[in-house]
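Trainee:
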Amino acid sequence: MADAEFPQCRIVTERLLKPETVEKILNKLAVIPGIRRIVINGPSIPQKVPYGPARGLDNPHSGKATIRVGVTDVDLRVQVGTFLLELETRDIVSQVEEACKEVFTNFSYSVKEGKFMRSTPTQVDYAKYGPNANEIMLGLVDPKNKTGPTLIQGHK
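Letter by letter, the sequence shown follows residues 1 to 156 of my numbering.
#1: Pick from GLN47, LYS115, THR120 and ASP75: whose alpha carbon is nearest that of CYS9?
#2: With C-beta atoms as the reference, is VAL85 less than 7 Å away from ILE38?
#3: Measuring only the C-alpha atoms, how far is ASP75 from ARG68?
#4: Out of curiosity, what's the CA-to-CA distance linking ARG36 and SER108?
#5: Report the start-end ranges of each beta strand (DSSP E) in the region 19-62 that is 3 residues or longer and not cut off at the edges.
#6: How about GLN79 and PRO50: are their beta carbons less than 7 Å apart?
#7: I need the DSSP call for LYS115, collapsed to helix, strand or coil.
#8: From this set, VAL31, PRO19 and THR13, which residue's C-alpha is nearest LEU87's C-alpha?
#9: When you compare only the Cα positions, how much space is there between ILE11 and LYS18?
#10: Under a three-way DSSP split, which group does SER110 fall into?
#11: So for GLU98, helix, strand or coil by DSSP?
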């Protein structure tokens, strides 16, 4: 494991985003050199209706969509409201803020610097990936999720 501490920032929007807006901001962020990891957070969108008279039927939620980030198709499984970013240097924060300013024009958002993602392996990381886990994958494990994270190749 590398001993380097990478700066992190969090983008929090005033509201949950439509898939089109998520696609726009992720495509803007994916081309910024120096972003190591991006995690999107929000309430999950179940595949099936969990309760009520339509229980067990397919969920017709408008937030369920397949978006294209770079050359990768991504199935949105959450209503995105927060983005966590790990950066190589603090200088990139201004580029992230500029991308947000271009996309988030009709509502407010905030960009905060701090520590939001794990940088050391947890017990769940060890159980899922073993002792030689890729450091990029640390802290991204949801033990209940059977599909795992979606990896997108950004700017290299």
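Idealized CB from N, CA, C, for every residue including glycine.
Mentor: In short:
#1: LYS115
#2: In the sequence as displayed, the identity of residue 85 is Leu instead of Val. Against a cut-off of 7 Å, the Cβ pair of ILE38 and LEU85 comes out as a contact.
#3: 9 Å
#4: 25 Å
#5: 35-41
#6: no
#7: coil
#8: VAL31
#9: 16 Å
#10: strand
#11: helix
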